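So the sequences go chain by chain: A and B.
Just so we're aligned: the first sequence equals residues 1 to 269 in the UniProt record's numbering.
Just so we're aligned: the second sequence equals residues 1 to 269 in the UniProt record's numbering.
Every residue gets a Cβ at the ideal spot worked out from N, C-alpha and C, and that includes glycine.
No experiment lies behind these values; they were computed from the predicted model shown.
Encoded as structure tokens, the structure appears first; notes follow it.
There are 2 protein chains.
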Amino acid sequence: MNKRQDAIQELAADTQIRSFPLEATSNQTERAVQGVREMILRGELQAGERLTELSLVARLQVSRTPIRSALLRLTEEGLLEPASATGFVVRSFSEDEVFDSIEIRGTLEGLAARRAAERGVSPELQAQMRQCLAQIESLLAESSPGGTHLSRYAALNGRFHALIMAAADSAMLDNTLDKILNLPFASPSAFVEVQSHLPGSLEILRQAQAQHWDILDALLSRSSARAEPLMREHARSARKNLELVLADQTARQQMHGASLIRSTPTQGQ
Amino acid sequence: MNKRQDAIQELAADTQIRSFPLEATSNQTERAVQGVREMILRGELQAGERLTELSLVARLQVSRTPIRSALLRLTEEGLLEPASATGFVVRSFSEDEVFDSIEIRGTLEGLAARRAAERGVSPELQAQMRQCLAQIESLLAESSPGGTHLSRYAALNGRFHALIMAAADSAMLDNTLDKILNLPFASPSAFVEVQSHLPGSLEILRQAQAQHWDILDALLSRSSARAEPLMREHARSARKNLELVLADQTARQQMHGASLIRSTPTQGQ
DNA sequence: GCATCATTGAATGTATACAAATTTGCGTTA
DNA sequence: TAACGCAAATTTGTATACATTCAATGATGC
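This is the structure:
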């Protein structure tokens, strides 16, 4: 499928994962989508704030039509939600919802790992997986605690996860997972880049990398019964990381899209 | 969450599941969405056919703006896909993709069942589940093979599945599953109504109902380790049903959205 | 005769005017 | 003083004109 292939190419080019650059585009709709998304993730638009098309026209220098399309797309992405009868508000997420999205990701990635183990991984993908993990390995070996290689780790980590999706070879699964990964805090590497301040961050990454090797081993030995639970548990460690980040106010505020997460789980809505 | 509650109410009212009535609406966009969806599911628009906004304006008596919104929404629903750089085409699905979507549904429903078992089912939901299964039971007892109660079975079956989602109490999970259920062949009751011609259809429904009781038992005994695999296996029996329907040309053509499914799995695209 | 380029046509992208609807605020009345 | 209702203003829904881009076809030159 095109989208998955693109993702792998993109990751192979060692670019940052899920970056939303405001690069020049001839497309006004794209400009509007990126603009509004940036404003939300930066926290310029408060969670719960109502968005009017005209105010966005003024802020983004784009007419109402592309703004309208952009709001629909961002609603689809999950960053906005329809307000009462008319208009949109910036969505907020309870901590429970964030945890849920990680568990759903783990479940879907677990299904992908099982499928990959069942149908076997092509030699090309095997090689790419091995190379990817080797790169992470050398990164972890050379980097001192609190080093600045975290963004590279995040990219490689995302690449490994994308390779497993590629091995599962299911466009339906890709599309379903993509919807979850759209949320800024649900991706496999969402918290990596803000962990540098936290104690024991390097150890956490080492544990995750050990799980990577176990998963790869399960895939190569065609052990679907191992691959699926290993992948699920791997996602659960992401949840543990998130709990650490959310507990630390400094790290929490540095997190991408932190303003979308409500402090009190059951409040609001 | 509102959406789930609505679904349960709707099902409780014993209406047909996933019906898309062309009822009068003051909303032109809604009219366009329903119109195009109907045309696709009826097979008036061939899979792979390119849709131009102007031709739809002529057919639906609605201006380009709501047509445009409708095409975006239907793309989101998965019935359309973007054509090269511009425009949309009616999407087609390989049989593998249909099977995949059922497996993904089973996986997500399995997660829901596990969550429901872990957190316990409220007395109200327990009562509704029991009542729902009892209604199916009496339906199966009274109906002769090849009876015409299949649409009522489909509604009750859908209701039971919705109740499990409600018991899981996860908006994120709801949203993710909704995307899958949008596909006309992925819902739990997609094939029920066309099975009447097939031999052994009543026996298939009885087996499914037996699984329902097992699942309910697992939920009530808080056995998450039983609930999840039972739910998954329940979805696999839907896959078996689909294989029967697809193999029978008569039943296949009666299926909702049959024109979207390619006969040869790897062809096209 | 084939290839390349230009011109023409049709489709989508964008902007905006107008209509409908919803919300807000003020005033009046109980 | 509080509540209800009406009116005005703001906001979204819809239609359409205009701009731009893409594709196809034909003509011309090699």
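Beta-carbon proximity list for A:GLU193, same chain, < 7 Å, skipping 5 on both sides: In the first sequence, the residue the question calls residue 193 of chain A occupies position 193. So the list reads LEU150, SER151, ALA154, once near-sequence residues are dropped.
Contact between the region 77 to 96 of chain B and the region 189 to 204 of chain B (3+ Cβ pairs under 8 Å): Contact fails: fewer than three Cβ-Cβ distances are below 8 Å.
Counted within 10 angstroms of its Cβ, other Cβ atoms place A:LEU205 as buried (16 or more) or exposed: Along the first sequence, one-based indexing puts residue 205 of chain A at 205. Flag for A:LEU205 reads buried.
7 Å Cβ cutoff, A:SER101 in contact with chain B: Walking along the first sequence from the start, residue 101 of chain A turns up at place 101. Closer than 7 Å: yes.
Residues, ordered as in the chain, of the UniProt domain "HTH gntR-type" (26 to 93) of chain A that lie near chain B by beta-carbon distance below 9 Å: Those residues of the UniProt domain "HTH gntR-type" (26 to 93) of chain A that come within reach of chain B (Cβ to Cβ, closer than 9 Å) are THR65, ARG68, SER69, LEU72, ARG73, GLU76, GLY78, PHE93.
7 Å Cβ cutoff met for B:ALA167 and B:ALA116: Residue numbering aside, residue 167 of chain B sits at position 167 when the second sequence is read from its first letter. Residue numbering aside, residue 116 of chain B sits at position 116 when the second sequence is read from its first letter. For B:ALA167 and B:ALA116, yes; Cβs fall inside 7 Å.
Whole-angstrom distance between B:GLU243 and B:GLU137, CA atom to CA atom: Position 137 of the second sequence, counted from the first residue, corresponds to residue 137 of chain B. Position 243 of the second sequence, counted from the first residue, corresponds to residue 243 of chain B. Note on geometry: alpha-carbon atoms of B:GLU137 and B:GLU243 lie some 25 Å from one another.
Chain-ordered neighbours of A:ALA171 on chain B, where CB pairs are closer than 7 Å: The residue labelled residue 171 of chain A in the question sits at position 171 within the first sequence. Chain B residues near A:ALA171: GLU97.
Simplified DSSP state of B:GLN254, which is helix, strand or coil: Against the second sequence, residue 254 of chain B aligns to sequence position 254. The DSSP-derived three-state label of B:GLN254 is helix.
Below-7 Å beta-carbon distance, A:LEU111 vs any chain B residue: To locate residue 111 of chain A, count along the first sequence from 1; it is residue 111. Using beta-carbon distances, A:LEU111 counts as an interface residue toward chain B, with a partner under 7 Å.
Bridge-paired residues (DSSP) for B:ARG50: In the second sequence, residue 50 of chain B corresponds to position 50, counting from 1. According to DSSP, which records beta bridges pairwise, B:ARG50 is partnered with B:VAL89.
B:PRO82 (DSSP reduced to helix, strand or coil): Here residue 82 of chain B refers to the residue found at position 82 of the second sequence. Shown here, B:PRO82 sits in a strand according to DSSP, grouped into three states.
C-alpha gap between B:THR75 and B:GLY87, whole angstroms: Within the second sequence, residue 75 of chain B is the residue found at index 75, counting from 1. Within the second sequence, residue 87 of chain B is the residue found at index 87, counting from 1. Using only the alpha carbons, I get a separation of about 11 Å.
C-alpha gap between A:ALA258 and A:GLN34, whole angstroms: Here residue 258 of chain A refers to the residue found at position 258 of the first sequence. Here residue 34 of chain A refers to the residue found at position 34 of the first sequence. Those two C-alpha atoms are separated by around 18 Å.
Uninterrupted alpha helix (DSSP H) stretches inside the region 98 to 153 of chain B (no shorter than 4 residues): Listed in chain order, the complete alpha helix (DSSP H) runs (minimum 4 residues) inside the region 98 to 153 of chain B are 123 to 142.
Buried or exposed (CB count within 10 angstroms, at least 16 for buried), A:ASP217: As a working mapping, residue 217 of chain A is identified with position 217 in the first sequence. Looking at its Cβ environment, which holds fewer than 16 other Cβ atoms inside 10 Å, A:ASP217 is exposed.
Beta-carbon proximity check, A:ASN157 vs A:PRO123, cutoff 7 Å: As a working note, residue 157 of chain A is residue 157 in the first sequence. As a working note, residue 123 of chain A is residue 123 in the first sequence. Cβ atoms of A:ASN157 and A:PRO123: not closer than 7 Å.
C-alpha distance - B:ALA134 paired with B:LEU125, whole-angstrom precision: Taking the first residue of the second sequence as 1, we reach residue 134 of chain B at position 134. Taking the first residue of the second sequence as 1, we reach residue 125 of chain B at position 125. Cα atoms of B:ALA134 and B:LEU125: separation of roughly 14 Å, rounded to the nearest angstrom.
Chain B within 7 Å of residue 325 of chain A, Cβ atoms only: Any property of residue 325 of chain A remains undetermined from this structure, which presents chain A solely from 1 to 269.
Opening and closing residue of the alpha helix (DSSP H) in which B:ILE204 lies: Here the question's residue 204 of chain B lines up with position 204 in the second sequence. Looking at the DSSP string, the run of the alpha helix (DSSP H) that includes B:ILE204 is 201 to 220.
Neighbour flag for A:THR250 against chain B, beta carbons, 7 Å: Numbered from its first residue, the first sequence carries residue 250 of chain A at position 250. Judged by the 7 Å Cβ criterion, A:THR250 is not in contact with chain B.
Separation of B:LEU260 from B:GLY43, as counted between CA atoms: Counting from 1 along the second sequence, the entry for residue 43 of chain B is found at position 43. Counting from 1 along the second sequence, the entry for residue 260 of chain B is found at position 260. When rounded, the distance between both Cα atoms is 8 Å.
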